[in-house]
Amino acid sequence: MAQKIPERLSWAVEQLKIAGDERLLEIGCGRGVAVSLICPLLTSGTITAIDRSAIAIDAALLRNEDHVVAGKVSFRHTALEDMTGPARSFDKIFAINVNLFWLDAARGLDAVTKLLAPDGTLFLFSEPLSLAGRKQAEAKLLANLEANRFQVLEVIEADASRSSLFGVVARPIGNSA
């Protein structure tokens, strides 16, 4: 029996509007469910997925073994701020329910700025426990982005009658080609 995909993950992946040739980074990939939704959409693009939990990375590798073999995804056991690799190499960076951008925004957003390609985009998604919580979380996130020199391009809200899901699309100010 197929596992039910959580709405927050399928909704977030839909909001990314994958073209197929992007270089993506998922922060806090957990067991790799979002990656399993993205990989079939990639043509020449790739996704790197990171998580601080070795157990989560092991589960993600197992879930996405075929995509790893096909070269569409690589998983790394690392925190965002410890990630190494080529600077400015990701077209889209996203995180779903990762509290770093609320709790230690400067550290997280500094790392994103270094990794995001010119004209690249950051997508942050959250599912607070209530609609009232959504407004609080959204306000805090928007303030953190502004304080760290990010331009908010769009705030996306899921159907409020069903969900508290929301997303913010942003770009570092001055991060253009």
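Here the sequence shown stands for residues 1215 to 1391, where the numbers follow the numbering used here. All C-beta atoms, glycine included, are put in the ideal place defined by N, C-alpha and C.
Please classify G1299: is it buried, with 16 or more other beta-carbons within 10 angstroms of its beta-carbon, or exposed? It is exposed - the Cβ of G1299 has fewer than 16 other Cβ atoms within 10 Å.
If you count every other CB in all the chains shown that lies within 10 Å of the CB of A1351, and 16 or more means buried, which is it? Counting the other Cβ atoms within 10 Å of the Cβ of A1351 gives 16 or more, which makes it buried.
How close, in whole Å, do the beta carbons of S1390 and D1333 come, if the pair is a contact with beta carbons under 8 Å? S1390 to D1333, Cβ: 5 Å. Contact.
Whole runs of the beta strand (DSSP E) within the segment 1329–1353, excluding any shorter than 3 residues: For the segment 1329–1353, the full-length beta strand (DSSP E) segments reaching 3 residues or more read 1330–1340 along the chain.
Output the distance between the C-alpha atoms of L1359 and V1283, rounded to the nearest integer angstrom. Answer to the nearest angstrom: the Cα atoms are 36 Å apart.
Sequence-distant residues of the same chain with beta carbon closer than 6 Å to T1292, five excluded per side: Around T1292, the same chain offers I1264 as residues with beta carbons nearer than 6 Å, after the five sequence neighbours per side are excluded.
Buried or exposed by the 16-neighbour rule on C-beta atoms within 10 Å, applied to L1317: By the neighbour-count rule (16 or more Cβ atoms within 10 Å), L1317 is not buried but exposed.
Quick one: grab the DSSP three-state call for R1419. Outside the displayed span of the chain (1215 to 1391) sits residue 1419, for which this structure offers no information.
Should V1382 go down as buried or exposed, given a rule of 16 or more other Cβ atoms within 10 Å for buried? With 16 or more neighbouring CB atoms inside 10 Å of its own CB, V1382 falls in the buried class.
Can at least three beta-carbon pairs, one atom from the segment 1222–1231 and one from the segment 1270–1283, be found at a separation below 8 Å? The segment 1270–1283 and the segment 1222–1231 do not touch, with fewer than three beta-carbon pairs separated by less than 8 Å.
Separation of L1330 from R1302, as counted between CA atoms: Rounded to the nearest angstrom, the two C-alpha atoms are 4 Å apart.
Taking all protein chains shown into account, do 16 or more other C-beta atoms lie within 10 angstroms of the C-beta of A1384, making it buried, or fewer, making it exposed? Buried, by the Cβ-count rule.
Alpha carbon of R1277 to alpha carbon of T1262, nearest angstrom: Taking the straight line from one Cα to the other gives about 15 Å.
Look at the alpha carbon of I1387 and the alpha carbon of A1357, and state the distance between them as a whole number of angstroms. A direct Cα-Cα distance of roughly 14 Å separates I1387 from A1357.
A1320, buried or exposed, once every other Cβ within 10 Å from all chains shown has been counted against 16: The residue is exposed, with fewer than 16 neighbouring Cβ atoms inside 10 Å.
At the level of alpha carbons, what is the spacing between A1353 and F1304? Looking at the backbone, the Cα of A1353 and that of F1304 are separated by about 26 Å.
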